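*Asks:* If you read the sequence shown in the working numbering, its first letter stands for residue 1, the second for the next number, and so on. Note that beta-carbon positions come from the ideal geometry of N, C-alpha and C, so glycine has one too. It should be emphasised that the depicted structure is a prediction, and the values quoted were computed from it without experimental measurement. Pasting a structure here, questions to come.
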Amino acid sequence: MELINFMVIGAVKAGTTSVYNYLKQHPQVYMSPIKETKFFQWDGETRRFSHPHDQIIYEKSIKTFGDYRALFESAKDEIAVGEATPSYLYNKEVPLRIYKRFPKVKLIVILRQPAERAFSHYLHTKWLGHEPLSFSDALIQEGERIQSNWGPSWHYKQQGFYAEQIKRFQALFGESQVRTYLFDDLKANPLDIIRDMYSYLGVDPDFQPDVKTKHNERFFAKNPLIHELTNQQNPAKLLAKRIIPAGVRKKLWQAITAKNSFKPQLDPKLRWELTQSYTPDILKLQDLIHKDLSQWLQ
């Protein structure tokens, strides 16, 4: 058997972390011990980005095939062996790089309504503390950032034009090796979707993974001071540790954190404007993947 026989290749912020964990639970599946190896983004290519955050991502990536191979040394007799790097879908160089090494690999894609995906991508970067701009301002600056050699972490809008991305993979691997799912279906019926993936990969589809745990949800603090008091070491927390039992204390911090958390919402007008710009691409995409995407246009 080849080193690997499947990959989850995208898209960013479309549920790939959940899929990685659901696949990893299956006894007949071996997943790379780290999610997002990013090896095929570079495959020996030396890069230098303008933004330090992008350079850190590059430096932490798997860069040599020897290091990539080492990730799968612990695989035993699993039927399906693979990895999950959602940024592969967007990178124009990746399809050929994968094809040269693994022409028979099965590819899994999860796609999300592109305006919502772009906003979720932005929130992730904002949550990490790297994005100083509002979403609307970041969209205005996106073209200039790309021209200035900022990495894909900042390509919020551009990554949502899926048709060309899917076409690049289909052209090399054929439709039968590129299985596409929708984020909304994964969210609504995770067991049905993951079982279909199990069947696609040739493993027991009746295995039932734990799909209750939420993965990669990002919330923001309503009051930064309260967030710091409940999540960082400080005199108040040390005092509480001495006088409040551990179980009670844990529930207290969780309750305070939940009360102080919120999830920003995409402005409806901006969502509509973005969706209008994506509409021609969405219409092309639904023909490529043979799925009704009319809900995405609303």
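Look up Tyr198 in the DSSP assignment and say whether it is helix, strand or coil.
*Replies:* helix
*Asks:* Work out the CA separation of Glu83 and Phe65 for me, nearest whole Å.
*Replies:* 14 Å
*Asks:* Nearest CA to the CA of Thr275: which residue from Glu73, Ala70, Leu71 and Arg112?
*Replies:* Arg112
*Asks:* So, with DSSP's three-state summary, where would you put Thr125?
*Replies:* helix
*Asks:* Are the Cβ atoms of Gly151 and Phe49 separated by less than 9 Å?
*Replies:* yes
*Asks:* For the beta strand (DSSP E) that Ile9 lies in, which residues bound it at each end?
*Replies:* Phe6 to Gly10
*Asks:* Check whether the stretch 159-171 and the stretch 98-115 are in contact - that is, three or more C-beta pairs closer than 8 Å.
*Replies:* yes
*Asks:* Mind checking which residues open and close the alpha helix (DSSP H) that includes Glu59?
*Replies:* Boundaries of the alpha helix (DSSP H) around Glu59: Pro52 to Lys60.
*Asks:* Report the option in Tyr88, Glu45, Ile34 and Ile79 whose CA atom is closest to the CA atom of Arg69.
*Replies:* Ile34
*Asks:* Using DSSP with H/G/I as helix, E/B as strand and the rest coil, what is Val309?
*Replies:* Any answer about residue 309 is impossible in this case: the structure gives the chain only from 1 up to 298.
*Asks:* Which full runs of the alpha helix (DSSP H) of 4+ residues lie inside the stretch 128-165, going along the chain?
*Replies:* If we require 4 residues or more, the alpha helix (DSSP H) runs fully inside the stretch 128-165 come out as 135-147.
*Asks:* Are Ile194 and Val211 touching if we call contact CB-CB under 9 Å?
*Replies:* yes
*Asks:* Report the residue from Leu285, Gly202 and Gln165 whose alpha carbon sits nearest the alpha carbon of Glu93.
*Replies:* Gln165
*Asks:* Hey, could you find the ends of the alpha helix (DSSP H) Arg271 is sitting in?
*Replies:* Pro268 to Ile289
*Asks:* Counting pairs of beta carbons, one from the stretch 35-46 and one from the stretch 86-101, are three or more of them closer than 8 Å?
*Replies:* yes
*Asks:* On a CA-only basis, which of His130, Phe183, Leu270 and Leu297 is nearest Gly10? Give me that one, please.
*Replies:* Phe183
*Asks:* Going straight from the alpha carbon of Gln28 to that of Pro103, what length do you get?
*Replies:* 22 Å
*Asks:* Reducing DSSP to helix, strand and coil, say where Ile79 ends up.
*Replies:* coil
*Asks:* Kindly list the residues whose CB is nearer than 8 Å to the CB of Leu285, restricted to its own chain and excluding five residues on each side of it in sequence; keep chain order.
*Replies:* Excluding positions up to five away in sequence, the list reads Leu111, Tyr162, Ala163, Ile166 and Leu293.
*Asks:* Count the other C-beta atoms from every protein chain shown that fall within 10 angstroms of the C-beta of Ile243, then say buried if there are 16 or more, exposed otherwise.
*Replies:* exposed
*Asks:* His121 and His53 - do their beta-carbons sit closer together than 9 Å?
*Replies:* no
*Asks:* Identify whether Ala246 lies in helix, strand or coil by the three-state DSSP scheme.
*Replies:* helix
*Asks:* Hey, out of Ser87, Met31 and Glu36, whose CA is closest to Glu73's CA?
*Replies:* Restricting attention to Ser87, Met31 and Glu36, the CA atom closest to the CA of Glu73 is found in Met31.
*Asks:* Report the partner residues of Tyr334 according to the DSSP bridge assignment.
*Replies:* The requested residue 334 is not part of the displayed model; the chain covers only 1 to 298.
*Asks:* What separation, rounded to the nearest whole angstrom, lies between the Cα atoms of Trp127 and Ser199?
*Replies:* 36 Å
*Asks:* Should Ile108 be flagged as near chain C, meaning a C-beta pair shorter than 9 Å?
*Replies:* In the structure shown, chain C cannot be found, because there is only a single protein chain.
*Asks:* Which residue from Thr180, Asp287 and Gln298 puts its Cα closest to that of Val19?
*Replies:* Thr180
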